[in-house]
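>
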């Protein structure tokens with residue numbers, strides 16, 4: 006687990022850094038290759054973006070279920086994508102859909118391999134409510150994860166461009 010470095014201070018990681026450090030199982034390689042394809046689609050649709058990567062993928066867990074990612078994009082790019090191709094935009098992010106029985110179903114891109122959330126913002130502003138939420142979420146320790154045994158109250162996450 007990455008040590009916490011303070012609010013809005015993720016570890017910067019290149020694709021090569023991730024490939025050298027985190028692709029130590031076949032499952033991780035599958036997740037990463039799908040992330041790269043997904044990221045290419047996001048960039049085509051939304052332009053310059055910042056990706057905060059988190060979850061078990063940034064731990065030593067051998068076979069994470071997915072890659073958790075928050076995409077920071079400009080308001081204008083998000084608005085334009087939502088107007089020009091809303092169904093494609095929806096297909097690239099995690100959505101919650103109402104089932105017939107009234108319960109909610111979580112639908113993630115790439116068959117569940119990517120758990121993605123798109124956050125429109127024009128800069129990383131520490132006063133932005135949405136960014137505060139995601140910074141707090143991404144640095145928080147999920148104690149319900151039984152594979153995680155730690156006395157830490159916060160952890161670091163990655164920023165990949």
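Numbering (my numbering), first residue to last: 6 to 166.
Built from N, CA and C at the ideal position, the CB exists for glycine as well.
Should residue 105 go down as buried or exposed, given a rule of 16 or more other Cβ atoms within 10 Å for buried?
Taking the chain shown and counting its residues from 1, the one referred to as residue 105 is at position 100. By the neighbour-count rule (16 or more Cβ atoms within 10 Å), residue 105 is not buried but exposed.
> With respect to the alpha helix (DSSP H) encompassing residue 89, which residues constitute its N-terminal and C-terminal limits?
For this step, residue 89 is matched to residue 84 along the chain shown. Residues 80 to 89.
> DSSP three-state call for residue 40: helix, strand or coil?
Locating residue 40 in the chain shown gives position 35, where the first residue counts as 1. Helix, per DSSP.
> Look up residue 140 in the DSSP assignment and say whether it is helix, strand or coil.
Translated into positions along the chain shown, residue 140 becomes position 135. DSSP places residue 140 in helix when its eight states are reduced to three.
> Strictly by DSSP, which residues pair up with residue 119?
Residue 119 sits at position 114 when you count from the first residue of the chain shown. Answer by DSSP bridge pairing, in chain order: 72.
> Kindly indicate the opening and closing residues of the beta strand (DSSP E) around residue 163.
Within the chain shown, numbered from 1, the residue matching residue 163 stands at position 158. Segment 163 to 165, the beta strand (DSSP E) holding residue 163.
> With a threshold of 6 Å on Cβ separation, who are the neighbours of residue 100 within its own chain once the five nearest residues in sequence on each side are excluded?
Translated into positions along the chain shown, residue 100 becomes position 95. Correct list, in chain order: 112.
> What does residue 59 pair with, by DSSP beta-bridge criteria?
Stepping through the chain shown from its first residue, residue 59 is reached at position 54. Partner(s): 73.
> Using the C-alpha atoms, what's the distance from residue 56 back to residue 24?
The residue given as residue 24 occupies position 19 in the chain shown. The residue given as residue 56 occupies position 51 in the chain shown. About 16 Å.
> Any idea what DSSP makes of residue 125, helix, strand or coil?
Within the chain shown, the letter at position 120 stands for residue 125. Residue 125: strand per DSSP, three-state reduction.
> Pull up the CB-CB distance for residue 9 and residue 159, whole angstroms please, since I reckon it's below 8 Å.
Position 4 of the chain shown, counted from the first residue, corresponds to residue 9. Position 154 of the chain shown, counted from the first residue, corresponds to residue 159. Confirmed, about 4 Å.
> Identify the residues that DSSP records as bridge partners of residue 112: which are they?
Counting from 1 along the chain shown, the entry for residue 112 is found at position 107. According to DSSP, residue 112 bridges with 100.
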